[in-house]
Each structure stands twice: as structure tokens, then as C-alpha cells.
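In the numbering used here, the protein residues as written are 728 to 1063.
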């Protein structure tokens, strides 16, 4: 079901009573700034709005098309971009399969005096309004309408990038916990291999979201430099771009880390198996000695000491000496 929310600022002050039907009138007023947020949009209504505002129809199709990648496109009258906000989910302790991340797709049309965001329901679950309320808050913190629509776009992208940082930090902590489990005295708990694959899959999905953000922020920043509007926001966009680069580099390093965890776990499993095999082989050799000696003395043939106490004592001494020699030898080689 389509939900529409928004805010209007006129002469630098917020105005109550936002109406979806008044968007075009607000955008036509030089002293007005409008932000319209459309959740789960109706395609026909969105197309009609696009025709009224002169938005590119292919961009409208991209805003509602499934599985669209994060990207940015600059048109003559507006800029269109698609990004993904990421939310960390809390899963049951016994769930080693479900994803720990929920992606929220946000498409935006940046106009000279307005911003129209189009959000689709998250497929993986999570709060449908995740992070969207923070956009207005950060816009107000920057001074509101004083810096124009650039401050509103910066607030949106800043919230998205901060969500990426939170997701990367959460995955980093989870992967470090896997490393601690690997070298625990009692060994890793059950399901470590599945959890490793889950984090690896989450990192692949996060990488697809984080890496294209460089293109998005760069395109928005370049369009701002061309328009020469609110130059005081340029350092903020530079800082935002730096955060995007850091998130990308962090994601790449985590991919290497989770691969190392996976390979180390296999190596440790081989090492544990070798230790078990050495112990089993050692005890089998030790047990074979009394079996061989008693089997020899149990033959139905006469030999020195047959049916005498001396023969029993000699056989027992031979068993004890050989067993002790084998035990000491294996112990020195760390097989026992």
C-alpha cells in the first residue's frame, strides 16, 4: 500500500500540512523546498507524477524495477540515484543460516528545489522506516533550507553510509568472535562452518551495496560543483566520499578475513584429525604388545618356561618393558 510522507520549508521555516497533490506547486515556488517520501509506490501514480514534474521515465522505471543496482544518473533537469540502506538484524542464537542484514532500497530524484525519494519494502525483513526519520533531523542540523536541497541529499546519503559503517562493524565483530572460537581450548562450537558461510554471503551482498556508493556520491558531488550552489557543503560531501572509501576498504579487508577464518578452520580440523590419528596409532601399538606376547605364550607347544611360574614372570616383564618403552617413545614425540 502506497504511503506518502513529506515536509515543506518556505522562507527557511518548516510548514505544516504537506499534501502530495501540492508537490508541483511547491517546486514551482522559488522560496520553497519540498521533500516527498513515497513508500511502496503505485506505478501509475508515480508515472503521472513524473510526467507532471518532467522526470525521466526510464528513471521512474528504474525506481520501481526489481533488483536494480546502486547507481546515479545525471539528467539536464534533475539527478536520479538508487542506493541501499542496510540494517543489522538480531537473530536467534541457534540460527546459523539466515542473513544478518536487511537491505532497504531508496531511489531519489534530486530537483533544484526538492527531493523525491521512492522506497520499496525490504525483502529480507526489518523496519520499513529504518533511518528515514534521521534524514530530516540531519537536514535541520545543517541549517535546514539555508543550504537548499544539497543539505537534504547530504542528510540522506549520510544516513545510508552510516548504516553501511554499522553493518561493517557488526560483521567485523562477528568474524572476530569466529576467530576466538577457532583457538578456544574446547574447540569451536557446533555450526562454525555454516556461520562462516553466512558471513561470507552477507559480505558479498554488502559489497554490492557499498562499492557503487563511490559512483553515486561522486556523481552528486560533481553535479553540485557544476551548479555552484551552497559551496559551504562541499567539505561535507568530501567527508562523505571519504567515509564511502573507508567503508569499501573495510568491506574488502573483511572478505580476506572471513576467507582466512574459513581456511584456518579447515587447517585446524586437519591438525586435530592428525592428532587423533597419532593417539589412536600409538595406543594401538601399545595394546598390540601384550596381545602378541600373551598370544605367543598361549600356543599349544612347549617352550622354555612352559607351564612354570618363571615363564609367567618373564612374559609379564617383557610386556611391561615393551609397553613402557613404547609409551615413553610416543610421549617424547608428542603423540600421546
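Virtual Cβ for every residue (Gly too), placed ideally from N, Cα, C.
- Annotation: the stretch 895 to 978 contains the following complete segments of the alpha helix (DSSP H) (minimum length 4 residues), in chain order: 919 to 937, 940 to 954.
- Per the coordinates, the alpha-carbon of residue 936 lies some 27 Å from the alpha-carbon of residue 868.
- In the displayed model, residue 740 falls within a strand according to three-state DSSP.
- Of the candidates 1045, 964, 791, 1034, the residue whose Cα lies closest to the Cα of residue 878 is 964.
- Boundaries for residue 794: no alpha helix (DSSP H) harbours it, and the DSSP string shows neither H nor E there.
- The beta carbon of residue 968 lies closer than 6 Å to those of 944 in the same chain, with the five residues before and after it left out.
- Looking only at 1018, 1005, 854, 764, the smallest Cα-Cα distance to residue 1056 is reached by 1005.
- Residue environment for residue 830: buried (at least 16 other C-beta atoms within 10 angstroms of its C-beta).
- Taking the C-beta atoms as reference points, residue 763 is found no nearer than 8 Å to residue 810.
- For residue 812, the enclosing beta strand (DSSP E) has its first and last residue at 806 to 815.
- Taken through DSSP and simplified to helix, strand or coil, residue 1035 comes out as coil.
- Around residue 806, the same chain offers 837, 950 as residues with beta carbons nearer than 6 Å, after the five sequence neighbours per side are excluded.
- A direct Cα-Cα distance of roughly 10 Å separates residue 960 from residue 875.
- In this structure residue 842 touches residue 880 by the C-beta definition: roughly 6 Å separates them, less than 8 Å.
- In this structure, the CA atom of residue 757 is about 9 Å from the CA atom of residue 839.
- The distance from the Cβ of residue 946 to that of residue 747 is about 27 Å, inconsistent with a contact at the 8 Å cut-off.
- Distance from the Cα of residue 990 is smallest, within the candidate group 1014, 924, 940, for 924.
- Checking the DSSP bridge columns, you'll see residue 828 partnered with 815.
- Your pair residue 919 and residue 898 does not check out as a contact, with CB atoms roughly 16 Å apart and the cut at 8 Å.
- A distance below 8 Å between beta-carbons, with the five flanking residues on each side excluded, links residue 1017 to the following residues of its chain, in chain order: 1046, 1050.
- Within the model, the alpha-carbon separation for residue 743 versus residue 798 is close to 33 Å.
- Between the C-alpha atoms of residue 845 and residue 900 there is a straight-line separation of about 32 Å.
- Residue 941 sits away from residue 909, with the two beta carbons spaced by 8 Å or more.
- Where residue 844 is concerned, the enclosing beta strand (DSSP E) starts and stops at 841 to 846.
- Contact between residue 754 and residue 765 is absent: CB atoms are separated by about 15 Å, not below the 8 Å threshold.
- In this structure, DSSP gives residue 802 a state outside helix and strand, which the three-state scheme calls coil.
- Nearest to residue 928 by C-alpha distance, out of 983, 939, 966, 857, is 983.
- Counted as a single uninterrupted DSSP element, the alpha helix (DSSP H) harbouring residue 862 occupies residues 859 to 868.
- When C-alpha distances from residue 865 are compared across 884, 981, 849, the shortest belongs to 884.
- In the structure shown, the three-state DSSP call for residue 987 is helix.
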